[in-house]
Amino acid sequence: MLTLNSLKEKKLNQLETKIKRRDSLQISVGAVPIGGGSPISVQSMTNSNTEDVKATVSQIKELEDVGADIVRVSTPSEESVKAFGEIKKMVSVPLVADIHFDYKIAIAVAEQGADCLRINPGNIGSEKKVKEVVSCAEHHGIPIRIGVNAGSLEKKLQKKYGEPCPEALFESAMAHVEILQKLNFNQFKLSIKASDIFMMTDSYRLIAKEIKQPLHLGLTEAGGFRSGTVKSAIAIGELLREGIGDTLRVSLASDPVDEVKVGFDILKSLGLRKKGINFIACPSCSRQNFDVIKTMNELENRLEDIKESIDVAVIGCYVNGPGESKAAHVGLTGASPRSLIYIDGAPSHKIENDDIVSHLEELVREKVKLIQENEEKLIVKS
10 MLTLNSLKEK
20 KLNQLETKIK
30 RRDSLQISVG
40 AVPIGGGSPI
50 SVQSMTNSNT
60 EDVKATVSQI
70 KELEDVGADI
80 VRVSTPSEES
90 VKAFGEIKKM
100 VSVPLVADIH
110 FDYKIAIAVA
120 EQGADCLRIN
130 PGNIGSEKKV
140 KEVVSCAEHH
150 GIPIRIGVNA
160 GSLEKKLQKK
170 YGEPCPEALF
180 ESAMAHVEIL
190 QKLNFNQFKL
200 SIKASDIFMM
210 TDSYRLIAKE
220 IKQPLHLGLT
230 EAGGFRSGTV
240 KSAIAIGELL
250 REGIGDTLRV
260 SLASDPVDEV
270 KVGFDILKSL
280 GLRKKGINFI
290 ACPSCSRQNF
300 DVIKTMNELE
310 NRLEDIKESI
320 DVAVIGCYVN
330 GPGESKAAHV
340 GLTGASPRSL
350 IYIDGAPSHK
360 IENDDIVSHL
370 EELVREKVKL
380 IQENEEKLIV
390 KS
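In the numbering used here, each residue carries its 1-based index in the sequence shown increased by 9.
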């Protein structure tokens with residue numbers, strides 16, 4: 010039976026992209042499918058003290074509100090494990106428990122309802138300890154994420170290679186993949202991160218050729234909001250363009266909400282996810298007939314709640330305005346004394362330049378409402 014949620018899921022899979030994605034096995038983190046051609050999911054991680062249940066739940070809900078598919082939560086202590094259990098009951102998004110050093114924490118947090126266990130080969134301990142974590146994951150029916158990181162590479166590999174490099178990261182990843190494969194456990198995904206773009210992308214290319222499991226993309230410790238966004242967009246975008254990647258996190262020294270927004274922007278730019286407004290806006294010049302930058306800033310803030318996929322063009326003059334507006338659901342081409350509004354690619358009406366923002370907001374919301382009504386009609390007909 011067709012429902013509104015299933016229709017939206019279908020839309021997510023009707024991707025307007027020329028990218029051929031790498032074939033991968035599918036696992037599930039909670040109710041979110043990862044790999045196997047499913048939509049590429051966007052993740053983030055809380056940076057609150059996990060033991061502060063109220064603050065952590067508040068942050069997770071903020072991430073849910075901007076569309077995070079999965080949220081990772083650090084569990085460094087027994088107290089944080091207990092808090093994790095309380096947090097899990099208060100949120101709906103799947104939670105990944107982040108474990109370092111102590112394999113017993115992984116076992117304990119699985120008992121608290123974790124949807125996935127993230128372990129680091131560089132510090133989780135012996136093969137015997139990994140086996141116990143795998144046994145626990147099997148018992149609870151949850152996947153594992155193997156998280157290899159250049160900053161915490163095993164000492165023997167540091168000694169062998171002298172310093173972190175793609176080959177060392179690949180060897181670390183494969184050593185733990187082989188442990189899981191020997192145990193006939195294939196419900197895992199893998200990340201192989203570095204803060205250097207070239208090391209990160211080359212490492213993922215190596216592992217993508219060797220395994221069928223889903224890959225979690227990320228450039229670790231990418232930096233602050235601006236520099237981290239640029240570096241992550243290059244690194245993650247390059248791999249996605251090659252068809253590599255099933256889920257991602259944009260790691261920023263910024264508000265975790267920013268990570269989710271940037272993640273979706275990367276996917277939208279490649280046609281890999283349809284979520285929210287795709288703004289087409291000129292950088293502006295002396296030909297602009299209204300303040301393009303101010304208009305865009307206000308529109309983005311006012312329309313941040315829109316989740317429907319819709320194209321909105323905001324162009325300051327008639328050089329490129331008509332062409333861009335014709336390709337948008339709602340378009341604005343600057344002119345003086347009045348600018349021209351396009352609806353579904355056709356000229357509609359003119360508007361005074363001092364009333365642009367409010368009028369565009371109204372038009373976009375009307376268009377979104379119409380899209381939603383048409384979706385509901387499809388459901389009724391089914």
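Ideal Cβ positions, reconstructed from N, Cα and C, are used throughout, including at glycine. What you are looking at is a predicted structure, and each value in this text was computed from that prediction instead of being measured.
Query, Result
"Inter-stretch contact (C-beta, 8 Å, three-pair minimum) for the segment 127-146 and the segment 110-119", "yes"
"Sequence-distant residues of the same chain with beta carbon closer than 8 Å to G76, five excluded per side", "V51, V269, F273, K284, G285, K316"
"Any beta strand (DSSP E) of 3 or more consecutive residues that is wholly inside the segment 125-176", "125-128, 153-158"
"Among I69, N58, I49, nearest to V266 - alpha-carbon criterion", "I69"
"Terminal residues of the beta strand (DSSP E) in which E361 lies", "355-361"
"Residue range of the unbroken beta strand (DSSP E) whose run includes K198", "197-202"
"Residues sharing a beta bridge with F288, DSSP", "V321"
"Straight-line Cα distance separating H185 from I133", "11 Å"
"Coil, strand or helix - Y2 by DSSP", "Since the displayed the chain opens at 10 and closes at 391, residue 2 lies outside it and no answer follows."
"Cutoff 8 Å: S200 Cβ touching any chain D Cβ", "Here there is only one protein chain, and chain D is not present."
"Pair within 8 Å by beta-carbon distance, K29 and G252", "yes"
"Beta-carbon proximity check, I153 vs A159, cutoff 8 Å", "no"
"Three-pair Cβ contact test at 8 Å for the segment 29-48 versus the segment 287-295", "no"
"I201 versus E309 - alpha carbon distance", "34 Å"
"CB of V323 within 8 Å of CB of R296, strictly", "no"
"Chain-order list of residues whose beta-carbon lies under 7 Å from that of M209 (same chain, five-residue window excluded)", "K202, A203, L228, A244"
"Three-state class that DSSP yields for T12 in the structure shown", "Legend: pLDDT at T12 = 47, less than 50; position of this residue unreliable, no value from coordinates given."
"Proximity to I79 [Cα-Cα], best of E60, L104, K63", "L104"
"Exposure of H338, with buried meaning 16 or more beta-carbon neighbours within 10 Å", "buried"
"Completely contained alpha helix (DSSP H) runs for the segment 56-140, where each covers 4 or more residues", "62-74, 87-99, 112-120"
"Option in S144, A117, S263, H148 with minimal Cα separation from T55", "S263"
"Distance between beta carbons of K240 and G232, contact taken as under 8 Å", "6 Å"
"Cα-Cα separation between A217 and F179, rounded to whole angstroms", "10 Å"
"Pair within 8 Å by beta-carbon distance, I155 and F93", "no"
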